[in-house]
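> Before I ask anything, here is the structure I am working with.
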Amino acid sequence: MDASAKTAYLTKEELAPAKPKLLSHPSAKTGLMGWLTTVDHKKIGFLYGFFALIFFLVGGFEALLIRTQLMVPNNDVLTAQQYNTLFTMHGTTMIFLAVMPLSSAFFNFIMPLQIGARDVAFPRLNAFSLWTFVAGAIILNIGWFLPTATHGAPDGGWFGYAPLTSKQFIPKHSIDYWVMGIQLLGVASIAASLNFIVTIINLRAPGMTMMRLPVFVWMTLITSFLIILSFPAITIALVELMMDRNFQTSFFEVSGGGMPILWQHLFWVFGHPEVYILILPAMGIISEILPTFARKPLFGYPIVVFSGACIGFLGFAVWSHHMFTTGLGTVATAAFSLATMAIAVPTGVKIFNWIGTLWGGHIVMRTPMLFALGFVWMFMMGGMSGIMHAAAPADSQQQDSYFVIAHFHYVLIGGSIFALLAGLHYWFPLMFGRKVSEFWGKLSFWVIFVGFNVTFFPMHFLGLNGMPRRTFTYDPNLGWNTANFIATMGSYVLGVGMFIYFAVLTYTFFKGERVKKDYWDGRTLEWSIDNPPPEYNFRVIPTVHARDGWWYEKHHRAEIEKEKSAHAQAEEEHGGIHMPFGSIWPFVTSVGLLVGAVGITYFDSDWSPGIHAKLGVSLVGGGIMFIGIYFWSLEGNEGYHLHLDQDGRPIADEPHAKH
Amino acid sequence: MPNFFPNLARGGRALAALAGLLLLSGCDVNFWRMDGHQSTIVVAGPVAREQLHVFYVTVWVTLFIFVVVGAVLAYATFKFRARNEVDEHAEPPPQGHGNPFIELGLIGASVLALVIIAVPTLSAIWSTHDVPEAERKNAYEITATGYQWWFRFEYPAELAALDAAGAKAPLVTGNELVIPAGRPVRIHLRTVDVIHSFWVPKLAGKVDMIPNRANFLWLQADQPGYFWGQCAEYCGDSHAVMRFRVIALAEKEFSAWLEQQESTARTVTAPVADAAAPRPQVAALRSFRQNESGVSAKFDLDPLAGWQAKQLPEANENAALIGQGRQLFAAKTCSACHTVRGHGAMGVQGPDLTHVGARSTIAAGLIENNAEQLRRWIRDPESVKPGNKMAKAYRENKISVSDEEQVAIVAYLESLK
Amino acid sequence: MSSHAATATIDHHHDPTTATGIPNKKLLMWAFLASDCMFFGTLISTHLIYRLHPPAGGLDPKVIFSPELTSFSTFILLMSSLMMALAVTAIQKGNVKSCRWSLLTTIFFGLIFLGCQVYEFNHFVHEKHMTISNSLLGTTFYTLTGTHGCHVAIGVLWLTLMYVRSFKPAAGSTQRTWFSHQLLHAVALLGGLLLVLKVTLGLVHALQIEPAFGAALGHFLKAEFLALAGVLVALGACVWFSRPRGPVDFNVTHAIDVESMGLYWHFVDIVWIVIFTVVYLLEYL
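Chains as they are written, first to last, in the working numbering: chain A, 3 to 661; chain B, 468 to 884; chain C, 58 to 342.
Here it is as structure tokens:
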């Protein structure tokens, strides 16, 4: 990915003398070790994106199987078990392994560039988040490769309602993988979010005040806060479930006095903010793309930011609207109904502001813009059906029906995925210095757009016609045949569209046309650097004078040049560009977590069989993790200095102990 | 482009033909009319009607907003787009940052729109929650209990005879809920295992059956009728085929039905002496595809009439066969899980079968109650409803039922009117 | 990521290299604690919900809890917070020696708290017959206090590593063995302190079963002979490892590390105050 990084800058002899071998800093920049030890936010972002796209394709394949089963009534392509496993894994994969890490890829790659930073605040913690995410993904999917009778992939639904997930009803290990996988993903998400929070608050370039932050950065910040405050609820719920399954407690065990409804509360206290965790980054991306292609600033920036914060805040007060049919009582139902309606206001405000951004602009209709406009339309439709759910009495008919399926696919595909696909096209020239062909990009957009609507629009009718979700079969006499058939055909079109999209993206990655920097005539700082971005991001840390920092620079060149050369000289006098060393220990720590988690997964309500092996594996995992953390803390957050020549290539470096 | 338009027209015709073919291929051509058996749009009771009313309010309000906002968005997109290459590289437009008054105005407008939705929502939350005060005394109470994967219905006010000696207990039925029409029914929702959800779309929205939680809902059928219901919360392997029916009867017919149900099981003849006696050779039942539909087209024409017909004894009953079936019912340990009041079967794991012959469906509303489908179920329950307890009992106790035995048990069960 | 930080005087409340002046590590710790609040919030809510809706025939906490012991351990934890605060102040003034002593005391108090918890769990399980699986009270109580105990244990481990780290030789030193020394030092310290706890418990046990002091002492010496020897060995090792060996790489610039650790420790302490109030004291209202 990074062509300029072929040289190893350091040799071991240059390191401090008293350093034992184990603590020597890895110097590989390429090859497997280069990737495993990288702490570069761009490489980590790339890896997040890489894994996310793989899982996106897996989740999409699962979806196509689901649609194939439902193509005609009484179909028998899949067994009930396979179908239930597929919809569970489709939901879990798409949410935790596709959309979230893809957002995270953008957070990692773009956010530091947008605030004018050379990396995130804690580069090694960032690597740890990545590898722990991979560990969680492995555990979640491990069941596919093990016998279905005793293991199998998770099949309790993506919100795993107790007590269906208890040992009594699903004795297989499938649920244990789900529990442990999501716990690890939670650790990864929280660690990453803490890092982003500190980065955004503390590593802003001079002049980059909070109210000058690009909206994408704002949404990253709000999303990160949502993650650190909501993931604990699911983590604890999962711990409680794990204790129930593996250590005979009775948190959700009815026989012991437990109340399964508690699971739903804990789950949705996380689950609803999670919805915004999925959509806010998308809104951020759209708020970057629309101004760039309308060639004018975002309309009402403070209101867009404030409404985002408002959504994040209200997101914690509406969880029970997922539970309108659980007999909450009238007062609670009314309160959550009104709170849910209230959240529509800040969401609507964003749509108004996006239209305001277009108004009076000079809209350049390129592929990212098409996806962005598609997002606005589809998100509006998803929002409208969302308001219908907010009306609790109407929701009691729609809850758990295909109407809900239609709604959340409109906000998650039409919303999140469209925005992420737009973001990929938009930032592709920056990330890899190549651009995707406009023809193929636009073609893929239209095929995806049509396929998506043909798939999910009929589902509104299906839901209103009484088709419940999560059903592997239906009878032909209920009036659902045509809509289901159309939806399945649409899903194939959608699949073809996605295939075109990713085929073209892959082709472009290797063979695409090279482009110069600032390909789209961008407005924010990430466009001020060469593509692909050099390891050190900014030759000189920029000084920000206006909200759209780069746009200002482009229009005040003389003043900026002078300022930059002064800053460059000052930095050179202070020793040059400081870069962090790579490290293998975050990876080791994550491997330890993976091994330990696998061990704990196999603890059974009956402890005796193989207890030594299980305990042994857990302890070995714990040991590896401890070693990882220990060396991680001992090696210290040292770095080295880079000095650049005229063309921005490193000419010399020196080891340097950071104080 | 002179050739373009004829081509377009030809393409359009082909597309229309294709669409027509597509729509004709299904038996429900107008799926957007949403008038199926589980429709929430064509409803049959006050609760569902109230919920539908709220839904329509939300639809009209959001549709209005969508049309207005969409029109502005479409207009802005077309009006301000760059029309050609040169236009794309023209000087950027004025760099305006927004207008707070427009923003505040729009926020105010959205709040107003939400108030329009909120008012009927709040009123409906209270009115659909419980039976209206005035009619509360008149409400008929029933307890519905979810099992993996069927429903048990108990009528606490009605006492049914347990045996000839006169012992009594509340009436229990399974999978077909019979209610009085035109009268509010209050249903207490319970579950013995996981979470289920009770949903009869034409009568009322769903309410979940949650362990360790006392939920209820109320519904009312305007007219006598036959309604489809389904579990709406994922509850394990066979969630999709956990269905049930609601039959609303006029007050008089309802009383008659209760009276029939309260009696012990119908006995056709004295049991024959020897269950092992040779039976006539019976052809094996045809094989069924997995998930094959068990409902005939005829069934849908007038389901209520079909249900009423099931209340009467079959035309040509074979008393000897029925007697054999009754013995087999005990011999194959069916009675360990099923109750047949008066015939010595007192199991409670599975549905009460005292009057199973009078039901229009079996296997939790999944397949039609006729000789062929009942035999399909008894032969191999796993293939009909994956993971169910009856199939598990077959496996664990090594129960197999031969073709002859199947026919006898079917004859016995069909005789239980 | 600027390169100049070491200036003549360090302002511990302002870091010139960050946009806000708040050191990155401090901000990270605050954000993590916000998240941790939610972890404990969820656990405490679970406990309270089940206290408000106890199952029929559930255990009565008043019969099980012994508030005297818990009050004592709470006091000990509070004292450890005081020592932690002293350690932070010491290192901010560059007083490494005083910082080390305060860290040691904090570790010691933390271990006493953990010892009390182990004793309490043991007592509840064997004397009061409340296990994690036989009652809902046990389920929520052990999970909540156990999670807190894990936090304390992680804190103790962190403190130990920090204490040991304070002996890391300064850059340019020729000691190549400091790394293995550190590992052994940590093991000796933790092992020694754990043995001290074991010995203390042994003494209490001996006094309980033998009425006469002399007999008790004899019984104690016999039972705990190996442990006592272990304490002496570990103590010796600790003293040997902590002998002065030239300049160390631990000074005012590391105040932020100690301070972030202190934030964590205080937080765990505050959480315990909440747990003590909600789980124990509320039962006696």
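Backbone N, C-alpha and C define an ideal beta-carbon position, used for all residues, glycine too.
Starting from the Cα of ALA227(C), find the closest Cα among GLY638(A), GLY388(A), GLY594(A), ASP647(A) and give me that residue.
Checked all of GLY638(A), GLY388(A), GLY594(A), ASP647(A); the closest Cα to ALA227(C) is GLY638(A).
> Between the alpha carbons of ASP649(A) and LEU127(A), how many angstroms are there, rounded?
Roughly 31 Å separates the two Cα atoms.
> In chain A, what lies closer than 7 Å to LEU84(C) by C-beta?
Near LEU84(C) (Cβ distances below 7 Å), the residues of chain A are VAL200, ILE203, ASN204.
> Where VAL328(C) and CYS173(C) are concerned, what is the direct C-alpha to C-alpha distance, given to the nearest angstrom?
So the alpha carbons of these two residues sit roughly 17 Å apart.
> Between which two residues does the beta strand (DSSP E) containing HIS805(B) stretch?
Where HIS805(B) is concerned, there is no enclosing beta strand (DSSP E), given that its DSSP letter is neither H nor E.
> Suppose the cutoff is 7 Å on Cβ atoms and the five residues either side in sequence are ignored; what does the same chain contact list for TYR278(A) look like?
The answer, listed in chain order, is LEU228, ILE313, GLY314, GLY317.
> Where does LYS45(A) fall in DSSP's three states?
If DSSP states are grouped into helix, strand and coil, LYS45(A) belongs with the helices.
> What residues of chain B sit near LEU340(A), judged by a beta carbon separation below 7 Å?
In chain order: ALA585.
> How about SER760(B) and PRO75(A): are their beta carbons less than 8 Å apart?
Yes, the pair counts as a contact, with Cβ atoms nearer than the cut-off.
> Should the segment 689-700 of chain B be called in touch with the segment 504-511 of chain B, which here means at least 3 C-beta pairs below 8 Å?
The segment 689-700 of chain B, when compared against the segment 504-511 of chain B, does touch it at the 8 Å Cβ threshold.
> Going by the DSSP bridge assignment, what does LYS635(B) pair with across the sheet?
Paired residues: ALA628(B).
> Among THR237(A), PHE124(A), GLU640(A), whose alpha-carbon lies nearest the alpha-carbon of VAL200(A)?
Checking every option, the nearest Cα to that of VAL200(A) belongs to PHE124(A).
> Residues in the segment 540-557 of chain B with C-beta within 8 Å of chain A's C-beta atoms, listed in sequence order?
Answer in chain order: LEU540, ALA543, THR544, PHE547, ARG548, ALA549, ASP554, GLU555, ALA557.
> For GLY497(A), collect the residues of the same chain with a Cβ closer than 6 Å to its Cβ; drop the 5 residues on either side in sequence, then sort them by chain order.
Excluding positions up to five away in sequence, the list reads LEU66.
> For HIS104(C) and VAL325(C), which I take to be in contact (beta-carbon distance under 8 Å), what is that distance rounded to the nearest angstrom?
Going by Cβ atoms, the distance from HIS104(C) to VAL325(C) rounds to 17 Å, so no, they are not a contact pair.
> Mapping DSSP to helix, strand and coil, what is VAL539(B)?
Looking at VAL539(B) - three-state DSSP - the assignment turns out to be helix.
> Using a cut-off of 9 Å between C-beta atoms, extract the partners of MET768(B) located in chain A.
Correcting the residue type first, residue 768(B) is Leu in the shown sequence and not Met. The contacting residues do not exist; LEU768(B) stays about 11 Å from chain A at best.
> PRO73(C) touches chain A at which residues, Cβ-Cβ below 9 Å?
Within chain A, no residue comes near PRO73(C); the closest Cβ sits about 12 Å away, beyond 9 Å.
> Using the Cα positions of PRO478(A) and PHE487(A), report the straight-line distance between them to the nearest angstrom.
Those two C-alpha atoms are separated by around 12 Å.
> So ALA164(A) contacts chain C; which residues on that side make the cut at Cβ distance below 8 Å?
Residues of chain C passing the Cβ test: none, with the nearest at roughly 12 Å.
> For the beta strand (DSSP E) holding ILE609(B), just list the boundary residues, first then last.
607-614 is the extent of the beta strand (DSSP E) around ILE609(B).
> Counting only Cβ pairs nearer than 8 Å, list the residues of chain F close to LYS673(B).
The structure shown contains no chain F; the protein chains it does contain are A, B and C.
> DSSP has TRP593(B) in a bridge; who is on the other side?
Answer is none; TRP593(B) lacks a bridge partner.
> Suppose you measure from the CA of LEU72(A) to the CA of THR490(A); what does that come to, to the nearest Å?
Their Cα atoms are separated by approximately 7 Å.
> At the 8 Å Cβ level, is ARG472(A) part of the contact set with chain B, yes or no?
Yes, ARG472(A) lies at the interface with chain B (some Cβ there is under 8 Å from its Cβ).
> On the DSSP bridge assignment, give the partners of ALA894(B) in chain order.
Since the first residue of chain B shown is 468 and the last is 884, residue 894(B) is not available in this structure.
> With distances taken from CA atoms, which of TRP666(B), ASN758(B), ALA776(B), ARG733(B) is nearest ALA515(B)?
Taking only the C-alpha atoms, the option nearest ALA515(B) is TRP666(B).
> GLY493(B) to VAL378(A), Cα distance in whole Å?
At GLY493(B), the pLDDT of 48 sits below 50, so the modelled position is not reliable and the matter cannot be decided from this model.
> For ASP495(B), I'd like the list of residues in its chain whose CB is within less than 6 Å of its CB, leaving aside the five on either flank, ordered along the chain.
Confidence at ASP495(B) is low in this model, with a pLDDT of 49, below 50, so its placement is unreliable and the value that follows should be read with caution. Taken in chain order, the list of residues that qualify is empty.
> Looking at the structure shown, is SER155(C) part of a helix, part of a strand, or coil, going by DSSP?
Helix at SER155(C).
> Where do the ends of the alpha helix (DSSP H) carrying LEU644(B) lie?
First-last for LEU644(B): 643-647, but that is the beta strand (DSSP E), not the alpha helix (DSSP H).
> Within the segment 762-843 of chain B, note down every full alpha helix (DSSP H) run reaching 4 residues or more, in order along the chain.
Whole alpha helix (DSSP H) segments, 4+ residues: 764-768, 770-777, 786-798.
> Is it true that the CB of LEU80(A) sits closer than 8 Å to the CB of LEU88(A)?
For LEU88(A) and LEU80(A), yes; Cβs fall inside 8 Å.
> Flag PHE755(B) as yes if its beta-carbon sits less than 8 Å from any beta-carbon of chain A, otherwise no.
It does not; no Cβ of chain A falls within 8 Å.
> Which residues in the same chain as LEU90(C) place their Cβ atom closer than 8 Å to its Cβ, once the five residues preceding and following it in sequence are excluded?
Same-chain partners within the cutoff: LEU320, TYR321, PHE324.
> Measure from the C-beta of PHE249(A) to each C-beta in chain C and report whether the shortest distance is under 8 Å.
Chain C contact via Cβ: present.
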